[in-house]
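When we follow the numbering used here, the leftmost residue of the sequence shown carries the number 819, and every step to the right adds one.
Even for Gly, the Cβ is constructed at its ideal location relative to N, Cα and C.
Predicted, not measured: the structure shown is a model, and the values here were computed from it.
Following: one structure in structure tokens, then a few remarks.
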Amino acid sequence: MFVQQIPTSNQQKIPKCDRSSQRSPTSKPLLHPISLSPIAPQPQRGPQSPPKPPNPEGTPKPPISPSSPPPTSNQGVRVGPDNLNRLMGLAGESLVEAKWLEPFADSFLQLKAGHTELSDSLEKLQELLANRHLERQIDEQLTAVRQKASEYQQLLSDRYSELELFSQRSTNLADRLYREVIATRMCPFSEGGQGFPRMIRDIAKQLSKKVKLEIVGKSTLVDRDILERLEAPLTHMLRNALDHGIELPEERLAALKPEEATIRIEVAHRAGMLFISVSDDGRGIDVEFLRQEVIRKQLTNTEMAARLSEVELMEFLFLPGFSTAKTVTEISGRGVGLNVVHNMVREVGGTVRAVSQPGQGMSFYMQLPLTLSVIRALLVEIAGEPYAFPLSRIERVVSLFKSEIAVSENRPFFMMNDRPIELISAHQILELPPPSANSEILSAIVVGDRANCYGLVIDRYLGERSLVVRPLDSRLGKVPNVSAAALMDNGCPVLIVDVEDLVRSIAKVFASGQTSQVNQSTHQTTSKTYKHILVVDDSITVREMERKLLENNGYKVEVAVNGVDGWNAIRGGNYDLVVTDIDMPRMNGFELTSQIKSHAKLKHTPVIIVSYKDREEDRLQGLEAGADYYLTKSSFHDDTLIQSVIDLIGEA
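Set out below in structure tokens:
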């Protein structure tokens, strides 16, 4: 595996599209009328001069000085969000159209080169004919043609220079318009945080605490859409800090802290991103207490929790419903948890992390895009069509040799940072025709959420672009796996993938067990009928050992991770044999065997119990439950298991 370098815009050719429909004289105009409502100026207060007498009829009025400002220069206008969205779309289209001139101007260079070749050919022809005694009229005609070609070549060169200059001016003007429209969507952060000081004051009084709020970067410009979405998460974090983080005044004095606590919000632009931090100087979170809470809530076992780093433990704070509070209160979220913060940040393509200093305070750091109107995206080709993936939602871009792809439990995967990443074809998820080519190197995009990461196999990379986001027509409703659309530099539309929705779709496909092979070299093309065996075991090591052993002998194997999973699988599938363990969560092997043998349609399905338990009473209990064979797991090292399978259902 090697990490793929994303190609630049001039490395890959984007599939062509027909632009004739966009330039049809009968097409409807894209421009929508914008209704602007002037804000009436407020009346001036203070001493007023006496009213002037009316101008007598016939007396000419003094002319208005050109340097004097018009009466409405200080007026403002109200523009609705729909108008702004249309302006943004039109500005984006004008930028695309301006950029379309660049390749058009470049085509003049090819025309100029062809014209030069024509002039050279005429010159050579004249040299050849000069050695022959031809009529003077022919020579004069050739000279005239050559002169005309030279004149047109100069004219073409001049026109190309003018077109190139116009293209530069047009692109620059469209870019300025585009940036100006984006600026109209921005507003100071202070507009969204006006209610925070009063909320802090009221809640602090209610809790008998002394707290002051500091906001640094009030004038920092933020996209209005992002600012609206930030209100609920910031409110939750502030309430959480007040309720759980800040100590009572007497506790702070005992800890040698100032009696008045400080909550600080800092907003700034850095490296083209919006950074927001919310910190307090309260008690913070005890890492070991958090570790025990994770174990108590059965989110992981003791052994795994002991190996978790502080950064990994902090990630549990953002899980749905997770809270370290001993009692649920109305002040800090009513037990909702910090997942509301995480969800909002992920929706806009940002990141959030928590840092705790026990006894000194807690900090949350959010990194967000400056605007939702423009995104940086990776363009890929799937089934001959371009698709855009927001760069903020891509974990990694890789290229894989087929030899690097393995299959576990009928799921193809590859290893990345010592972690298995399951693979699935983008053609299958987007319900597109399968690819016809069978390349030895697969291109994949690694996407995921907090729980899972998947590798999405695509056809090829087209490059990185900045795209102006255009909402889909509301009449379409929610389009699966698609969030919005945009126009590329060549004027063609491109769909922007909804990565959150895509990850959910991938998880559903894997859960259904209907994944298609991404590595065609491992795909079985024979029409042979296989005998199906279901292996039920909660140990992945044992499951894989049994699966490989049976598959190496020609059987088709599916697996289940516990008794309930196995029971659901066998009722919905058609298996010739079931191999099960005994000790499993939710339903053990004895109970599963008994359920199978008592079912009217499944009672004739053979069952083999394979267990580490070799006591006679365990063997008798298994046979009494209805098992056809009771084997110990030492049978893996000889032919006992395979021979038992052959005895029950025959050879593969």
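- The Cβ-Cβ distance between I1083 and G1011 falls below 9 Å.
- In this structure, R1171 lies near F1182, with their beta-carbon atoms less than 9 Å apart.
- Rounded to whole angstroms, the gap between the alpha carbons of K1366 and I1259 is 26 Å.
- When secondary structure is reduced to three states using DSSP, I1212 falls in the coil class, being assigned neither helix nor strand.
- Taking C-alpha positions only, G1168 is separated from F1136 by approximately 14 Å.
- Annotation for L1188: L1092 place their beta carbon closer than 6 Å to its own, counting only its chain and skipping 5 residues before and after.
- The stretch 1367 to 1452 is shown to contain whole beta strand (DSSP E) runs of 3 or more residues at 1374 to 1378, 1395 to 1398, 1425 to 1429, 1447 to 1450, in chain order.
- DSSP places L1186 in the strand class (E or B) of the three-state scheme.
- As a beta-bridge residue in DSSP terms, T1169 pairs with Q1185.
- A1304 has V1312 as its beta-bridge partners, per DSSP.
- When the beta-carbon positions are compared, V1379 and D1355 come within less than 9 Å of each other.
- Pairing I1000 with T1038, the inter-Cα distance amounts to about 15 Å.
- Under the 8 Å Cβ criterion, the stretch 1016 to 1033 does not count as touching the stretch 981 to 993, having fewer than three qualifying pairs.
- In this structure, the alpha-carbon of T961 lies about 22 Å from that of L929.
- Taking all protein chains shown into account, G1202 has fewer than 16 neighbouring C-beta atoms within 10 Å of its C-beta and is therefore exposed.
- Taking a cut-off of 8 Å for Cβ pairs, the stretch 1296 to 1303 and the stretch 1315 to 1335 touch, as three or more such pairs fall below it.
- Apart from sequence neighbours up to five positions away, the residues of its chain that approach N1157 with a beta-carbon distance below 8 Å are F1136, L1137, P1138, G1139, F1140, ordered along the chain.
- Around the beta carbon of M1122, fewer than 16 other beta carbons sit within 10 angstroms, so the residue counts as exposed.
- Looking at the backbone, the Cα of D1291 and that of V1315 are separated by about 16 Å.
- Distances from the CA of M1184 to each of V1029, I1464, L1052, Q972 were compared; the closest alpha carbon is that of L1052.
- Judged by their CB atoms, T1411 and V1425 are nearer to each other than the 9 Å cut-off.
- The residue among K1431, G1309, H1054 with its C-alpha nearest the C-alpha of G907 is G1309.
- Straight-line spacing of the CA atoms in V1327 and T1080 works out to 49 Å.
- Distance from the CA atom of N901 to the CA atom of A1089, rounded to whole angstroms, is 30 Å.
- Around P1176, the same chain offers G1102, D1104 as residues with beta carbons nearer than 6 Å, after the five sequence neighbours per side are excluded.
- The alpha-carbon of F1007 is positioned some 55 Å away from that of R1361.
- Boundaries of the alpha helix (DSSP H) around A1050: 1042 to 1058.
- No Cβ-Cβ contact shorter than 9 Å links G1391 with A1470.
- Within the stretch 1224 to 1254, the complete beta strand (DSSP E) segments of 3 residues or longer fall at 1224 to 1226, 1229 to 1234, 1237 to 1243, listed in chain order.
- Taking C-alpha positions only, L1060 is separated from T1118 by approximately 29 Å.
- By alpha-carbon distance to K1027, the top candidate from A1387, P1076, L983 is P1076.
- Counting C-beta pairs closer than 8 Å gives fewer than three between the stretch 1224 to 1241 and the stretch 1276 to 1290, which falls short of the contact rule.
- In the three-state DSSP reduction, D1267 falls in the coil class, being neither helix nor strand.
- V1034 counts as exposed, since fewer than 16 other beta carbons sit within 10 angstroms of its beta carbon.
- As computed with DSSP, T1080 is found in a beta bridge with K1030.
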